[in-house]
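Just below is one structure, and these are the notes that go with it.
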Amino acid sequence: MTDFLTLSLAEITARLKAREISATEVATAALAAAEASQGELNAFTAFDRSRTLAMAEASDQKLAKGEGGLLEGAPIAVKDLFAVEGVPTTACSHILDGFKPPYESTVTSKLWAEGGVFLGKTNMDEFAMGSSNETSYYGNVINPWRAKGSEAKLTPGGSSGGSAAAVAAHLCYGATGTDTGGSIRQPAAFTGTVGVKATYGRASRWGAVAFASSLDHPGPFAKTVKDAAILMQAMSGHDPKESTSLPLDVPDFVAAAAASVKGKRIGVPKEYRMDGMPAEIETLWQQGVDWLKAAGCEIVDVSLPHTKYALPTYYIINPAEASSNLARYDGMRYGLRVEGQDLTETYEKTRGEGFGHEVQRRILMGTYVLSAGYYDAYYLKALKVRRRILEDFDQAFAQCDALLTPSTPSAAFELGSKSADPISMYLNDIFTVTANIAGVPAMSVPAGLDASGLPLGLQVITPALDEATMFSVGAALEDAAGFSHTPEKWW
Amino acid sequence: MSDHSYVLQGTTGDWEIVVGMEVHAQVASRSKLFSGSATEYGAEPNTQVSLVDAAMPGMLPVINAYCVEQAVRTGLGLNAQINKYSRFDRKNYFYPDLPQGYQISQFQFPIVGEGEIECERDDGSLFTVGIERLHLEQDAGKSIHDLDPNATYVDLNRSGVALMEIVSRPHIRTPDEAAAYMKTLRTIVRYLGTCGGDMEKGQMRADVNVSICRPGQYEKFRADGDFKHLGTRCEIKNVNSMRFIQQAIEYEARRQIDLVEEGGTVQQQTRLFDANKGVTRSMRSKEEAHDYRYFPCPDLLPLEIPQARIDEIKAELPELPADKRKRFVNELGLSEYDASVLAADKDRADYFEVVAAGHDAKIAANWVNNELFGRLNKEDLGITESPVSAGQLGKLVDLISTDVISGKIAKDVFEILWDEGGDPAEIVEKRGLKQVTDTGAIESVVDQLIAENPEQVTSIEKNPRALGWFVGQVMKAMQGKANPKAVNDILRQKLGL
Numbered sequence: 001m002t003d004f005l006t007l008s009l010a011e012i013t014a015r016l017k018a019r020e021i022s023a024t025e026v027a028t029a030a031l032a033a034a035e036a037s038q039g040e041l042n043a044f045t046a047f048d049r050s051r052t053l054a055m056a057e058a059s060d061q062k063l064a065k066g067e068g069g070l071l072e073g074a075p076i077a078v079k080d081l082f083a084v085e086g087v088p089t090t091a092c093s094h095i096l097d098g099f100k101p102p103y104e105s106t107v108t109s110k111l112w113a114e115g116g117v118f119l120g121k122t123n124m125d126e127f128a129m130g131s132s133n134e135t136s137y138y139g140n141v142i143n144p145w146r147a148k149g150s151e152a153k154l155t156p157g158g159s160s161g162g163s164a165a166a167v168a169a170h171l172c173y174g175a176t177g178t179d180t181g182g183s184i185r186q187p188a189a190f191t192g193t194v195g196v197k198a199t200y201g202r203a204s205r206w207g208a209v210a211f212a213s214s215l216d217h218p219g220p221f222a223k224t225v226k227d228a229a230i231l232m233q234a235m236s237g238h239d240p241k242e243s244t245s246l247p248l249d250v251p252d253f254v255a256a257a258a259a260s261v262k263g264k265r266i267g268v269p270k271e272y273r274m275d276g277m278p279a280e281i282e283t284l285w286q287q288g289v290d291w292l293k294a295a296g297c298e299i300v301d302v303s304l305p306h307t308k309y310a311l312p313t314y315y316i317i318n319p320a321e322a323s324s325n326l327a328r329y330d331g332m333r334y335g336l337r338v339e340g341q342d343l344t345e346t347y348e349k350t351r352g353e354g355f356g357h358e359v360q361r362r363i364l365m366g367t368y369v370l371s372a373g374y375y376d377a378y379y380l381k382a383l384k385v386r387r388r389i390l391e392d393f394d395q396a397f398a399q400c401d402a403l404l405t406p407s408t409p410s411a412a413f414e415l416g417s418k419s420a421d422p423i424s425m426y427l428n429d430i431f432t433v434t435a436n437i438a439g440v441p442a443m444s445v446p447a448g449l450d451a452s453g454l455p456l457g458l459q460v461i462t463p464a465l466d467e468a469t470m471f472s473v474g475a476a477l478e479d480a481a482g483f484s485h486t487p488e489k490w491w
Numbered sequence: 492m493s494d495h496s497y498v499l500q501g502t503t504g505d506w507e508i509v510v511g512m513e514v515h516a517q518v519a520s521r522s523k524l525f526s527g528s529a530t531e532y533g534a535e536p537n538t539q540v541s542l543v544d545a546a547m548p549g550m551l552p553v554i555n556a557y558c559v560e561q562a563v564r565t566g567l568g569l570n571a572q573i574n575k576y577s578r579f580d581r582k583n584y585f586y587p588d589l590p591q592g593y594q595i596s597q598f599q600f601p602i603v604g605e606g607e608i609e610c611e612r613d614d615g616s617l618f619t620v621g622i623e624r625l626h627l628e629q630d631a632g633k634s635i636h637d638l639d640p641n642a643t644y645v646d647l648n649r650s651g652v653a654l655m656e657i658v659s660r661p662h663i664r665t666p667d668e669a670a671a672y673m674k675t676l677r678t679i680v681r682y683l684g685t686c687g688g689d690m691e692k693g694q695m696r697a698d699v700n701v702s703i704c705r706p707g708q709y710e711k712f713r714a715d716g717d718f719k720h721l722g723t724r725c726e727i728k729n730v731n732s733m734r735f736i737q738q739a740i741e742y743e744a745r746r747q748i749d750l751v752e753e754g755g756t757v758q759q760q761t762r763l764f765d766a767n768k769g770v771t772r773s774m775r776s777k778e779e780a781h782d783y784r785y786f787p788c789p790d791l792l793p794l795e796i797p798q799a800r801i802d803e804i805k806a807e808l809p810e811l812p813a814d815k816r817k818r819f820v821n822e823l824g825l826s827e828y829d830a831s832v833l834a835a836d837k838d839r840a841d842y843f844e845v846v847a848a849g850h851d852a853k854i855a856a857n858w859v860n861n862e863l864f865g866r867l868n869k870e871d872l873g874i875t876e877s878p879v880s881a882g883q884l885g886k887l888v889d890l891i892s893t894d895v896i897s898g899k900i901a902k903d904v905f906e907i908l909w910d911e912g913g914d915p916a917e918i919v920e921k922r923g924l925k926q927v928t929d930t931g932a933i934e935s936v937v938d939q940l941i942a943e944n945p946e947q948v949t950s951i952e953k954n955p956r957a958l959g960w961f962v963g964q965v966m967k968a969m970q971g972k973a974n975p976k977a978v979n980d981i982l983r984q985k986l987g988l
């Protein structure tokens, strides 16, 4: 019996602590489930069985002595963007073929320090560039959810699609992700899981392959808001190796997730009411408003006037930084090398074959917007708009404590349906990019199902450093929604 | 200024040159600008490389606060504005020895703004060069092309080493002034301890911008600051010795003049100096110039330095060479020449100050500059390696200034100090080298010489300059210990001169 895999992180760690089950037993079951799912879900890119079992064994020894951290003995999956020492870390790009880092990312180090057991590396869009997991060199992940009466393969969202799928399919008790424009929150919404990114700088970027540095936020996927708070708590904290890491103590997120929201002012930004938004999304949003009102919140209409510029701004800053961050992949020191007649040709072939189309597109766009003659019109303008968007949030948060919006403009879509049209793919991030541009905390909480039985999420955004309010509002939504759906196992 | 003008004759008239320099000075620091790797010179290739320096995936830079303070110190030494806010940008270009694919530099907001320094020409005259800015940046690695005919090797030991790029105004008018500017900068950074200044180790190297103009145009440029009065400049990259700087400018000026006089126009371009052939060669034209796509480095926060910290650093600054030179002249009474030779090097100046402390400064300067430096140069030793300590030399100076020994004997004592060491006063005492000032003893020698050499006495009456022969004979008879002044006086008196 492996029913315990469907338990939440908080539940399994309680059982582990009570010695009702051993970490080795849990890890063995999780590994088996994860490996068995690979043929259908393709959520993982690498396992390290001996490492997993050794970590579980170490947890058992600690638990036997009554010791252990926040995550002691719980298997955690890791997005392939994070360096795990000695384990292939490729950002799901061909160009990082065979790269095994001799170092451990800060986020994973912190998770292991709290007793998390490494389960495996999860699949993702190449260099986190994508919203459907279809740009992965290792093939796309399949969403464990299916529409009612359909066997069509759906996207788990992206870029952290493998992590989202692994949590939704109960293959692990939590997973790391990174959110640059919605890469945690959108897949969380598509898989009925909780996805969080905290304030920029709360969780260190050290050891996570850089995509767009000023927008990259590490964060967790979890089955519940409480689990998400535990994981966020574990992975946060000042990192002297990261210059933009916040030199602040981490508040008690877990306690915040249990706090009352009575009297909290919830802002509803009118600009998020997009033309052509499905009625179901509109209805769910209103439902969220009603739930929070019932929980004692005050509802405030607010305005974020520069929202319509957020996506274009994002798609200038993001590729600009990415084009520079990806310059280091030259085939010389690690990863793929495709030999040419001379050095230049070796570079060209390596980068030409090593990077997928979406990555090449971003490098080209980024190079273009930073070029002399275009810089002022694109990059500099984008920085100015970024400032306006920050001011929008400042003004909105003068009137409210948290914002409530939909997480995505739709439920999970069919694989292949948007991959030919980058713009329609980019529109997936329309509700999520603003929080990355502003660096403020945001989370997606599963709130209901659409007509075809697919999960939908609501997004909570709070002011910088106020993750506590985000977790409390998220927990209130979770309580009210009573979302207990789980995908029916078909894989 | 006209005394120092550098006028080149062309077939169409006279030409002058205008030079500005960008000097890269390696920050004296044990670790790199953004990583903890060592910076020691001459280590085995790729032994001082961190994960950050090798640009491994997910690695991030962390600023070295000491390097920032070194830049502030240097800025203060250049009498420059220290910017309390500065920022790092990425300068993007693709090159085998640049693992990140970008160099972290300061483009828009450098840490140091405008300043100026006073430089000295070979003839001792002074000129002022404006400093436009100083910014911090990381060095690249080194490509090694000569180990294998078919491959280039890369050594990343230098990758990430902190550099200060010091940009001058185009206030340099001759090849000699360019070298003088470089020497002054080197002296300043060595005084400050912010750069070793060793050009052979690549600790300082210069990009030299050269243009030509007709006489009078530069003065117009100085009056209104408009570059239209000047010619198009060419930048000669990475010149790594004083002599090469001069040669490169001389060659480049003549090249531009010939080009213009043959009806061509100077194209803005980057050139390389070929030291073997003494020529500059085009590296890339303006059209081929890199588009560096500068943008703020998202991995680093802007640098903010509190005024209080700047004030502290300022208070701790050592006396700089220009101030030291003035003090040596005004307070110690040294000649401009002696003062500037001594002040040019901090170790020498420090040595001299010990020799001069409480003793005759002029004699001290003379001995340090001539006897000591002469001997050190001969033996190829640095001042810090001198076998004769400043304390010993100070005592020797005292013996000279109090007439205990003559200058000539002092040279013998100096030799003894050099070879055997010891206390100068004891050496003089034990070896009986004290100067004889007893006029009776001198008189008896003089009387005897006059009596024995009547023909010399006759000749000296016709030619008083022949007195030297008698002085020499007296000194010889007294083993050089006679006081020369007393000998002279007595001889003149006895010979009726």
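Each protein sequence line maps, in turn, to chains A and B. 1 is the number of the first residue of the first sequence in my numbering; add one for each residue after it. 492 is the number of the first residue of the second sequence in my numbering; add one for each residue after it. Don't be surprised by glycine CBs; every beta carbon is placed ideally from N, CA and C.
How long is the line joining the alpha carbons of residue i and residue j, rounded to whole angstroms?
| i | j | result |
| --- | --- | --- |
| residue 677(B) | residue 700(B) | 19 Å |
| residue 497(A) | residue 157(A) | Given a span of 1 to 491 for chain A in the structure shown, any question on residue 497(A) remains unanswerable. |
| residue 279(A) | residue 196(A) | 25 Å |
| residue 1(A) | residue 87(A) | In this predicted model, residue 1(A) has a pLDDT of only 47, less than 50, meaning its place in the structure is not dependable enough to derive any value. |
| residue 817(B) | residue 608(B) | 14 Å |
| residue 473(A) | residue 783(B) | 46 Å |
| residue 867(B) | residue 833(B) | 14 Å |
| residue 241(A) | residue 740(B) | 45 Å |
| residue 971(B) | residue 898(B) | 10 Å |
| residue 314(A) | residue 178(A) | 16 Å |
| residue 674(B) | residue 667(B) | 10 Å |
| residue 974(B) | residue 841(B) | 32 Å |
| residue 486(A) | residue 225(A) | 15 Å |
| residue 17(A) | residue 213(A) | 38 Å |
| residue 340(A) | residue 781(B) | 24 Å |
| residue 455(A) | residue 479(A) | 16 Å |
| residue 710(B) | residue 496(B) | 12 Å |
| residue 416(A) | residue 147(A) | 16 Å |
Residue i and residue j look like a contact to me (Cβ under 8 Å); what is the Cβ gap, rounded to whole Å?
| i | j | result |
| --- | --- | --- |
| residue 722(B) | residue 757(B) | 6 Å |
| residue 167(A) | residue 221(A) | 4 Å |
| residue 113(A) | residue 141(A) | The Cβ separation is near 28 Å, so there is no contact. |
| residue 37(A) | residue 490(A) | 10 Å between Cβ atoms; not a contact. |
| residue 180(A) | residue 436(A) | 6 Å |
| residue 145(A) | residue 191(A) | 6 Å |
| residue 599(B) | residue 578(B) | 7 Å |
Beta strand (DSSP E) containing residue i: first to last residue?
| i | result |
| --- | --- |
| residue 776(B) | 770-776 |
| residue 443(A) | 442-449 |
| residue 994(B) | In the structure displayed, chain B extends from 492 to 988; residue 994(B) sits before or after that span and is not available. |
| residue 221(A) | 217-222 |
Which residue marks the beginning of the alpha helix (DSSP H) containing residue i, and which one marks its end?
| i | result |
| --- | --- |
| residue 405(A) | Run containing residue 405(A): none in the alpha helix (DSSP H); it sits in the beta strand (DSSP E), 402-406. |
Which residues, in order along the segment 532-549 of chain B, keep a beta-carbon less than 8 Å from a beta-carbon of chain A? 542, 545, 546, 547, 548, 549
What are the residues of the segment 185-200 of chain A that lie near chain B, defined by any Cβ-Cβ distance shorter than 9 Å? none
Interface positions of the segment 579-610 of chain B facing chain A (Cβ-Cβ less than 8 Å), listed along the chain: Of all residues in the segment 579-610 of chain B, 581, 583, 585, 587, 590, 591, 592, 593 have a Cβ within less than 8 Å of some Cβ in chain A.
Contact residues within the segment 202-215 of chain A, judged by C-beta distance below 7 Å to chain B: 205, 206, 207, 208, 209, 210, 213, 214
With 8 Å as the limit, tell me which residues of the segment 626-643 of chain B have their beta carbon closer than that to any beta carbon of chain A; keep them in chain order. 643
Mind listing which residues of the segment 231-257 of chain A have their C-beta closer than 8 Å to chain B's C-betas, in chain order? 240, 241, 242, 243, 244
Whether or not the segment 352-364 of chain A and the segment 311-326 of chain A are in contact is what I'm after, with contact meaning three or more pairs of Cβ atoms, one per stretch, closer than 8 Å; do they touch? yes
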